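In the working numbering, the protein residues as written are 88 to 823.
Virtual Cβ for every residue (Gly too), placed ideally from N, Cα, C.
Fair warning: this is a prediction, and the values are worked out from it, not measured in the lab.
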Ligand code: C2E
Ligand code: MG
Ligand code: MG
C-alpha cells in the first residue's frame, strides 16, 4: 500500500476535521494605527465564522507581532504593510513562512494607500491570501475576507493533520518493523497509539487471542495493568473490556464505542492482536480512519515480528535440546569478555555417542542427547550458560574464578554419570570427556577460548575417556606439531619416503630366528629415520593410518616373499595393526587383496593388536579378528599386561600369541612383582593354548630368566635391533 493513496483517501473525506468545534478562531491584527484595531474588532464583534467564534490579538509593530507569533499559532493575520519601515509587513510575511515555518496561517495584507499593491511574485511566494485597502474595513467586507481565509486555513490544517497522522502511522509501522519480539512489538503499538490519539496510556491494553481458542492473553499494558502481562484478559477483572475485545475478535474488525475503541490487527501469518483503548469521548472520523490505517500497517509489522521471533529461536537455539546453539555461545562469550569477569569454558563430549545412535537408533540417540542436556543443566544449575555445539558435544560457560568450585562441579558430574541415563526402557551408560579453558588465562577471544577448551578435550580423550583436562600451552604446541606432521605425512606416502625395518624374533630354546616384526620408519628429510612414535599417533588421528597401514602390509608381505624365495626359510612376518585400521570397514577385504597379490602363506602373517585397544570396543573387533583368522592369518596381542583384560575377556579374544610388554621384561630380574607377573602371563598363555613372546629383551640375564619361566620366544636388542631387509637376509644366511 502506498502512502500517497492513503493520503488522497483521507483528504477526500469532507467530514474529516482536525479541531474541536468549540475552539474560537484566533486572529492577529498587526497595525501601527490604534484606530484600525478598534474598527476591526468592532466590525466583527459577535460574528462567528464556519460555526466558530473569533478571538483577536493585537500587535502594533512587526517586532511585537514577531514576539507574539513565537508563542501562539493563529488562523489568520490581518497585516499592515507599512509600519516601522516601508515594507516591515512584507518582511514579517517572509519570516512567518520561513522562520516560523507556518505555512497554514492565512495572511491578509492591508495598506493605507489605495493603489499600492505588492508584487505578484511576492503574493505567490509567501502565499498571501488576500490584499485589501484599509478603506474596505466594512463589516461586510471583513466577514467575506475572513470567511474565505479561515475556510482555506481549515482545509490546510486538515490536510496537515492527516499528513501528520500518516507520518505517525508510517513512522510507527517502520519503527515497529524493527522491533523483533512480539511482546516488545505490542508495547511499541501501545506507545504509538497513545501518542497518536493523545489518550491516557493507562487505558490501553494489548491482547492476543490464542490460536484456535477464544482465550485472550494480555500482551502488553501500561500503568498498573502492566503486571497482567502474559495472563488472561479476564484476570484484569473488567468484564466490559473482555466483552468488547471478544466482540471485536469475533467480528474480526475494529469496533468503535462511545468511550472506547478496539482495534483488530490481523495478519495472514500471525494470530490476531487486539488493542483496547479507553478514549473517553467518541473518536472523530479522522481518528478512526487513522486508526484503521494504523492497524493495517501494524499487521505487517506484527507478521514480521513473529517471523523475527521464529528466526531468533531458530538462529540462537538448538532445536533438539532447546539449549542455546553455537551462534549464541559466541555471543555469550563476546559479552562476557567485554564485561571482563573471570569465567571458564567447558566443552563436554559424549564418549561413543555413535555407538548409541547406531545400536539403538536415532530416536533413542536424540533422546539420549536431550537427557544429557538435562543432566548438565541439573549438575551445573542456573548460573551456567549451556549450548549444544556439535552433534554430541555441549559447551558450558561457568561464571566465576573459583577453580576449586568448578572442579567440584565436574566431579559431581562424573559422579552423576556413574548412574545410567534412562531413555524409555533403555538404561544407557553415559560417559563424557571434558576440556576446560579459563578466561582470561587461556585466551581473550571467544574463538580462542572455545578452541583451547576443545584442545584440552582432545587431550582428555587421549589420556582416558570419561576424564577432564584443563588447557595447557603444551597441548597447543603438541597439536601444532601433529598438524604439521599430518600435512607432511600426506606426501610421505606418495613420495615413498616411508621405510620398514625388521626386528628378528627368536625361538628362546634354539636361538634361531623364526620371524620378524615390521616396524615403520620415516625418512622425513635427508637426516635420520623417524621412529613411529613421532608419526603413528598423528596418522591415527587424521585417519592416514589406514593408507599407511595398507602400505606397510603390502611392503612387509612382499619382503616376506622375497626372503622365502632367496633364503628358502618360512619366516613369520609380524605387522602392527592399529585400532583405527581394524575399524575400517574395508580392512578384511584389503587384507584378502594383499594376501592374494603377494601370495604369502597366510599362516606366516601375524597381525599385532594392542591389548588396551582390544578392550575398548569389544564385540565388533572380535568379529573382525575372527574373520582375519578365518583367512588363516594369525593374531597376536601386543603390549600384553598393560591393559586390564580379565581372564574371561581374554578367552573371548581370537588370538594365537601373547606378547609380554617390554615394561615387565625390563624389571624381570630386578623387581619381584615383574618376575611374578611374567611367570603368570606365561602360564596363563599356555593354559589358553597360546604361544608367548617377550619383547624388549636386552640382557643375557633376562633371556636366561625367560627360558626358566618357559617363555617361548623373544625379541629385543640382545638379539638385534630393527634392521634393514638386507641385514635380515644376511642373518638368515648366517643361521643357515
Ligand atoms: P611395538 O609394536 O610394541 O614395537 C616394539 C617397539 O620396541 C619398537 O619400537 C622396537 O624398536 C622397540 N624395541 C625392540 N626391542 C627393544 C629393546 O630391546 N629395548 C627397547 N628399549 N626397545 C626395543 P618402535 O619401532 O619405535 O615402534 C614403536 C611402536 O610403534 C610399536 O610398538 C608399534 O606399536 C608402533 N608401530 C611401529 N610400526 C608400526 C606400523 O607399521 N603400524 C602401526 N599401526 N604401528 C606401528
Ligand atoms: Mg608390535
Ligand atoms: Mg609392543
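Between the alpha carbons of residue 817 and residue 519 lies a gap of roughly 53 Å. Between ligand 2 and the CB of residue 438, the shortest heavy atom gap is not smaller than 7 Å. Those residues placing their Cβ nearer than 5 Å to any heavy atom of ligand 2 are, following chain order, 663, 695, 725.
Going by beta carbons, residue 484 and residue 501 fall outside the 8 Å limit.
Looking at the DSSP output, residue 116 shares a beta bridge with 145, 165.
Restricted to the region 503-586, the beta strand (DSSP E) segments that are unbroken, complete and at least 3 residues in length are 508-510, 513-515, 519-526, 555-557, listed in chain order. With fewer than 16 other beta carbons inside 10 angstroms of its own, residue 324 counts as exposed. Distance from the CA atom of residue 662 to the CA atom of residue 640, rounded to whole angstroms, is 7 Å.
Residue 545 and residue 522 have their C-alpha atoms spaced approximately 7 Å apart. By the Cβ test, the region 422-432 is not in contact with the region 442-454, since fewer than three Cβ pairs between them sit closer than 8 Å. Short note on residue 787: C-beta not closer than 7 Å to any heavy atom of ligand 1. An exposed status is given to residue 568, since fewer than 16 other beta-carbon atoms sit within 10 Å of its beta-carbon. Nearest Cα to residue 306 within the set 410, 331, 277: 277. Taking residue 120 as reference, the option from 514, 140, 145, 801 with the minimal CA-CA separation is 145. A distance criterion of 7 Å places the beta-carbon of residue 607 in contact range of ligand 1, judged by its closest non-hydrogen atom. By the Cβ neighbour-count rule, residue 620 is exposed, with fewer than 16 other Cβ atoms within 10 Å of its own. For residue 720, the Cβ stays outside the 7 Å cut-off from all heavy atoms of ligand 1. The DSSP assignment places 430-437, 472-477 as complete runs of the beta strand (DSSP E) inside the region 398-477, in order along the chain (cut-off: 3 residues). Nearest Cα to residue 491 within the set 708, 405, 525, 164: 525. Nearest C-alpha to residue 560 among 536, 171, 284, 314: 536.
Residue 606: member of the beta strand (DSSP E) spanning 600-609, first to last residue. Under DSSP, residue 343 shares a beta bridge with 348. Assignment of beta-bridge partners to residue 594 by DSSP yields 800. For residue 220, the uninterrupted beta strand (DSSP E) segment begins and ends at 217-220.
Collapsing the DSSP output to three states places residue 694 in a strand.
Annotation for residue 342: 331, 334, 335, 348, 349, 351 place their beta carbon closer than 8 Å to its own, counting only its chain and skipping 5 residues before and after. In this structure, residue 578 and residue 659 do not form a Cβ contact; the two beta carbons are roughly 32 Å apart against a cut-off of 8 Å. Here residue 230 carries a helix assignment [DSSP, helix/strand/coil]. Look at residue 758 here: in three-state DSSP terms it is coil, with no helix or strand label.
Looking at the DSSP output, residue 363 bridges to 292, 349. Around the beta-carbon of residue 590, 16 or more other beta-carbon atoms lie within 10 Å, marking it buried. DSSP places residue 810 in the strand class (E or B) of the three-state scheme.
When only Cα atoms are considered, residue 722 and residue 708 end up about 12 Å apart. For residue 625, the number of other beta carbons within 10 angstroms of its own is at least 16, and it is reported as buried. In terms of side-chain proximity, the C-beta atom of residue 715 is found no nearer than 7 Å to any non-hydrogen atom of ligand 1. Between the alpha carbons of residue 359 and residue 353 lies a gap of roughly 5 Å.
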